[in-house]
Amino acid sequence: MATSTILAALFALSGAVTTGGAAGEAKPKEAPEHQVVAIYFHRTVRCPTCKRIGAMSEDAVTTGFKKETKARTVEFHFVDFQDKKNAKLAKACGVDSPVLVLLNVYQGETVCWTSLPKVWQLVGKPEEFRTYVHEAVVRFLKQTKKDAERERENSKESKE
3 MATSTILAAL
13 FALSGAVTTG
23 GAAGEAKPKE
33 APEHQVVAIY
43 FHRTVRCPTC
53 KRIGAMSEDA
63 VTTGFKKETK
73 ARTVEFHFVD
83 FQDKKNAKLA
93 KACGVDSPVL
103 VLLNVYQGET
113 VCWTSLPKVW
123 QLVGKPEEFR
133 TYVHEAVVRF
143 LKQTKKDAER
153 ERENSKESKE
């Protein structure tokens, strides 16, 4: 996997800042040691179903993991994969159509990732959709770095 590409894009996505210090200077927040980053990759022009999947994905992540989202252990982002500025990230994640992708990040490095293509099949089944996304996020949250590295080695998805 192109870890450096995903890492650079991840830092660009995580532009969260807090105010503090003298005269309210902006200071970047320290990223937690372990993060699960959910990215809904969408097209520039989005159909109603794409918009619904994006909204359901965001809700499943941010509502289902309120404490973790506040602590930045879990993050959610929308990314237009057709926008040239996102091309490297989309390519690194193997994205060529709308999909929800989870990144398992340790100490700022994307160790492994997975796509969740069943969101398309479950869009009309909100509870099953939420459960599908929730279980995938929980699985990544519970993984040790060694487990994530093992998954990367065993997954053709996460290989370069």
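To convert, count from 1 in the sequence shown and add 2; that's our numbering.
Yeah, the Cβ is synthetic: ideal placement off N, Cα and C, and Gly gets one too.
Query raised in the report: Pairing CB atoms from the segment 39-57 with CB atoms from the segment 72-88, are three or more of them under 8 Å?
Result: Segments in contact, yes.
Query raised in the report: What separation, rounded to the nearest whole angstrom, lies between the Cα atoms of Asp-98 and Ala-92?
Result: Translated into the one-based positions of the sequence shown, residue 98 becomes position 96. Translated into the one-based positions of the sequence shown, residue 92 becomes position 90. Approximately 7 Å, taken between the alpha carbons.
**Report entry** Which of helix, strand or coil DSSP assigns to Thr-139
**Finding:** Sequence index remark: in the sequence shown, residue 139 carries index 137 (1-based). Per the sequence presented here, residue 139 reads as Val, with Thr not at that position. Here DSSP, grouped into helix, strand and coil, assigns Val-139 to helix.
Report task. Give me the Cα-Cα distance between Asn-172 and Thr-112, rounded to the nearest whole angstrom. Result -> Here the chain has residues from 3 to 162 only, and residue 172 is not among them.
Query - Presumed contact (8 Å Cβ cut-off) between Pro-100 and Ile-55, rounded CB distance - result: By 1-based counting over the sequence shown, the position of residue 100 is 98. By 1-based counting over the sequence shown, the position of residue 55 is 53. 7 Å between Cβ atoms; contact.
Requested in this report: Give the range of the alpha helix (DSSP H) segment to which Ser-91 is assigned.
Outcome: Locating residue 91 in the sequence shown gives position 89, where the first residue counts as 1. Reading off the sequence, residue 91 comes out as Leu, not Ser. Segment 89-94, the alpha helix (DSSP H) holding Leu-91.
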